[in-house]
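To start, the structure itself, in structure tokens.
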Amino acid sequence: MVTCSQVWNSQLLVDAATKPRRRSVATLHHRISPLEACGWTIRNDTIKSCPSPTGARRETTSSLRAANHCCGLHLTLYDTVDASREMATAAANRTGPPGQPDIAYTPNWDTYQERIKRRQETEKINGTLPDGFPQKLESSLAWTGATVTDQYDWSYELNQSELEEIQEALDYFKSQNKSLGDISQLTFPLPKLHPRLRSISADVHNGHGFKVVRGIPIDKYTREENVIIYAGIASHVANIRGRQDHEHNGRPADVVLAHVKDLSTHADAKNIGSPAYTTEKQVFHTDAGDVIALFALAAADEGGESFLSSSWTVYNELAATRPDLIRTLAEPWDVDEADESSEFLTSCRFGKTGPPGYTPRPLLYHQPAGEKGPERVIIQYARRSFTGYWGLPRSADIPAITEAQAEALDAVHFTAEKHALALEFRPGDIQFVNNLSIFHARGGFRDSLEKQRHLIRLWLRDEELHWDTPAALQSRWDRVYGNVTAETQVFPLEPSIRSASSGIKTKQDALPLSSAAVAISA
1 MVTCSQVWNS
11 QLLVDAATKP
21 RRRSVATLHH
31 RISPLEACGW
41 TIRNDTIKSC
51 PSPTGARRET
61 TSSLRAANHC
71 CGLHLTLYDT
81 VDASREMATA
91 AANRTGPPGQ
101 PDIAYTPNWD
111 TYQERIKRRQ
121 ETEKINGTLP
131 DGFPQKLESS
141 LAWTGATVTD
151 QYDWSYELNQ
161 SELEEIQEAL
171 DYFKSQNKSL
181 GDISQLTFPL
191 PKLHPRLRSI
201 SADVHNGHGF
211 KVVRGIPIDK
221 YTREENVIIY
231 AGIASHVANI
241 RGRQDHEHNG
251 RPADVVLAHV
261 KDLSTHADAK
271 NIGSPAYTTE
281 KQVFHTDAGD
291 VIALFALAAA
301 DEGGESFLSS
311 SWTVYNELAA
321 TRPDLIRTLA
331 EPWDVDEADE
341 SSEFLTSCRF
351 GKTGPPGYTP
361 RPLLYHQPAG
371 EKGPERVIIQ
381 YARRSFTGYW
391 GLPRSADIPA
401 ITEAQAEALD
411 AVHFTAEKHA
421 LALEFRPGDI
431 QFVNNLSIFH
441 ARGGFRDSLE
451 KQRHLIRLWL
461 RDEELHWDTP
471 AALQSRWDRV
481 YGNVTAETQV
491 FPLEPSIRSA
501 SSGIKTKQDA
511 LPLSSAAVAI
521 SA
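Under the UniProt record's numbering, the residue at position 205 of the sequence shown is numbered 205, and the numbers go up by one with no gaps.
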């Protein structure tokens, strides 16, 4: 019998399959961070303790194949490990440019606290906000997860009459024999539901920044019909769809629908550059675009919560306690991506080596009140752009981030985590989120044969209610929304890894992740 303590403390997990091919605990932690949500204690990339194994099922075989089930964790040790194990280890160990601070995609509280102490002892820190920046933002967009549900009804359940109208709109669209790119308020008419959806749009843009529409009977429809219904409803909330990828099946295309699903058992680890395609937790971040819509086709067997956090609340806390980090966020950062003025077709080279592919721009933008709207603050960032992830390390050809920037990244994450709201996705939910005022994250999860988490995503913009785009982000927004026509839009019905999130590819074939030495679904 193999106990939890034997698995972790004797490093059976690391060494059992092949002694010469050791894997560090730090590398292991990169794959098991969701364990913390199940009661595991991890500090400084070292496993300190595990929950009681009471009721857990364990078994070993002569080939050292062991299965452990603790707190919903499914862990398998395989004896067919060589190629995939080395591949996954190499991908996880890429560190980025020389001089990069001690920072990884998964935030580490102890490292964060040590950096704070070190900087305060060795640096002269400017304790003032940038000129013109507000001391505090007063708005319903500045909320905290502890109280927002007492103040705001964040979900809307479709009633029977509205579901019947949706069915009629679906039938009407299908009768026109139009392409999916033609889905709009006109081709998917919802005369009774439309005012409600416009009210939801107002909530998303100027209220609390998010809303969940519930109750679509997805099992009643085919995959294509669910996509039509989703895009049709979304067109009444925000009528412009954005480009999420520039190719489909190897050909140029405006891909406006993306699948968020675990593909790690089917893809080479070197080709996964985003946690969206794994079961791992996603840290707080923003996407590109104004409004993010997610439609739940299926929920995970366990975990996979959606976490939302007001970036305005994060701003307020940092402005009050660490104004120097507001200043750091508002200064230019070397963002690991190609020249944002270039064509989208050639710009998705994050993590690639070669000529420098980065754009200096701030992560935080202040917009004073004016004729076009109230005073606003926009934070636009993805942590993996500065730390790398799996098959997409931060390029060694661009400057390393600074210690101040590393601290700012951690401060944003941990402050967002402190004030977050957790929402459980139910099949048939559509979540609309203001990407300019809210960070989002995802908990780690476990799929089963019967239940596999599967979301589909749209990047939206509303012609009437949209916010002004900061000048430094305009070229990026143009890549998302520019020149997307009904004729060029593609809605893939099956999951694949976006080219912008695809890592370093090699000509050498590799085993799928399911054949790796350690396969973890948590």
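C-beta: ideal position from N, C-alpha, C; glycine also.
Remember, it's a predicted structure, so these values are computed and weren't measured experimentally.
Chain-order list of residues whose beta-carbon lies under 8 Å from that of residue i (same chain, five-residue window excluded)
{"i": "residue 526", "result": "Absent from the model: residue 526. The displayed extent of the chain is 1 to 522, so no value can be given."}
{"i": "residue 228", "result": "170, 173, 174, 180, 183, 188"}
{"i": "residue 523", "result": "Residue coverage of the chain in this structure runs from 1 to 522, which leaves residue 523 outside it and unanswerable."}
{"i": "residue 600", "result": "For the chain, the structure presents residues 1 to 522; residue 600 sits outside this window and is missing."}
{"i": "residue 387", "result": "96, 103, 104, 105, 394, 409"}
{"i": "residue 462", "result": "201, 205, 237, 238, 239, 240, 290, 291"}
{"i": "residue 314", "result": "379, 412, 415, 416, 419, 439"}
{"i": "residue 134", "result": "319, 366, 375, 377"}
{"i": "residue 455", "result": "259, 260, 261, 294, 295, 296, 297, 425"}
Cutoff 7 Å; reference residue i; Cβ partners in own chain excluding five residues on either side
{"i": "residue 477", "result": "469"}
{"i": "residue 226", "result": "218, 297"}
{"i": "residue 332", "result": "360, 361, 362"}
{"i": "residue 424", "result": "305"}
{"i": "residue 403", "result": "101, 115, 119"}
{"i": "residue 358", "result": "334, 335, 336, 337, 398"}
{"i": "residue 178", "result": "187"}
Per-residue DSSP class, three states only, for residue i
{"i": "residue 370", "result": "strand"}
{"i": "residue 434", "result": "strand"}
{"i": "residue 331", "result": "coil"}
{"i": "residue 360", "result": "strand"}
{"i": "residue 397", "result": "coil"}
{"i": "residue 382", "result": "coil"}
{"i": "residue 285", "result": "strand"}
{"i": "residue 414", "result": "helix"}
{"i": "residue 102", "result": "coil"}
{"i": "residue 133", "result": "coil"}
{"i": "residue 466", "result": "coil"}
{"i": "residue 221", "result": "coil"}
{"i": "residue 228", "result": "helix"}
{"i": "residue 240", "result": "strand"}
{"i": "residue 507", "result": "Unreliable placement is indicated for residue 507, whose pLDDT of 27 sits below 50; the coordinate value is still reported in the next sentence. It is coil, neither helix nor strand."}
Identified DSSP bridge partners for residue i
{"i": "residue 445", "result": "303"}
{"i": "residue 459", "result": "292"}
{"i": "residue 245", "result": "255"}
{"i": "residue 211", "result": "432"}
{"i": "residue 560", "result": "Absent from the structure is residue 560, since the part of the chain shown begins at 1 and ends at 522."}
{"i": "residue 421", "result": "308"}
{"i": "residue 454", "result": "261, 298"}
{"i": "residue 155", "result": "212"}
{"i": "residue 376", "result": "367"}
{"i": "residue 440", "result": "285, 308"}
Whole-angstrom C-beta distance between residue j and residue i, which should lie under 8 Å
{"i": "residue 319", "j": "residue 129", "result": "6 Å"}
{"i": "residue 545", "j": "residue 158", "result": "Outside the shown range of the chain, which is 1 to 522, sits residue 545, and nothing can be said about it."}
{"i": "residue 458", "j": "residue 293", "result": "4 Å"}
{"i": "residue 488", "j": "residue 253", "result": "7 Å"}
{"i": "residue 279", "j": "residue 444", "result": "6 Å"}
{"i": "residue 495", "j": "residue 263", "result": "6 Å"}
Any non-hydrogen atom of the ligand PLP closer than 7 Å to residue i Cβ
{"i": "residue 262", "result": "As far as ligands go, the structure on display features none, and thus does not contain the ligand PLP."}
C-beta contact flag for residue i and residue j at 8 Å
{"i": "residue 115", "j": "residue 407", "result": "yes"}
{"i": "residue 257", "j": "residue 492", "result": "yes"}
{"i": "residue 97", "j": "residue 396", "result": "yes"}
{"i": "residue 453", "j": "residue 289", "result": "no"}
{"i": "residue 312", "j": "residue 137", "result": "yes"}
{"i": "residue 472", "j": "residue 362", "result": "yes"}
{"i": "residue 204", "j": "residue 148", "result": "no"}
{"i": "residue 211", "j": "residue 161", "result": "no"}
{"i": "residue 413", "j": "residue 295", "result": "no"}
{"i": "residue 152", "j": "residue 384", "result": "no"}
{"i": "residue 127", "j": "residue 399", "result": "no"}
{"i": "residue 132", "j": "residue 366", "result": "yes"}
{"i": "residue 255", "j": "residue 244", "result": "yes"}
{"i": "residue 430", "j": "residue 233", "result": "yes"}
{"i": "residue 442", "j": "residue 220", "result": "no"}
Beta-carbon proximity list for residue i, same chain, < 6 Å, skipping 5 on both sides
{"i": "residue 329", "result": "363, 364, 408"}
{"i": "residue 301", "result": "446, 447, 448, 451"}
{"i": "residue 237", "result": "197, 200, 201, 432"}
{"i": "residue 382", "result": "285"}
{"i": "residue 325", "result": "318, 408, 411"}
{"i": "residue 155", "result": "212, 214"}
{"i": "residue 140", "result": "207, 208"}
{"i": "residue 467", "result": "436"}
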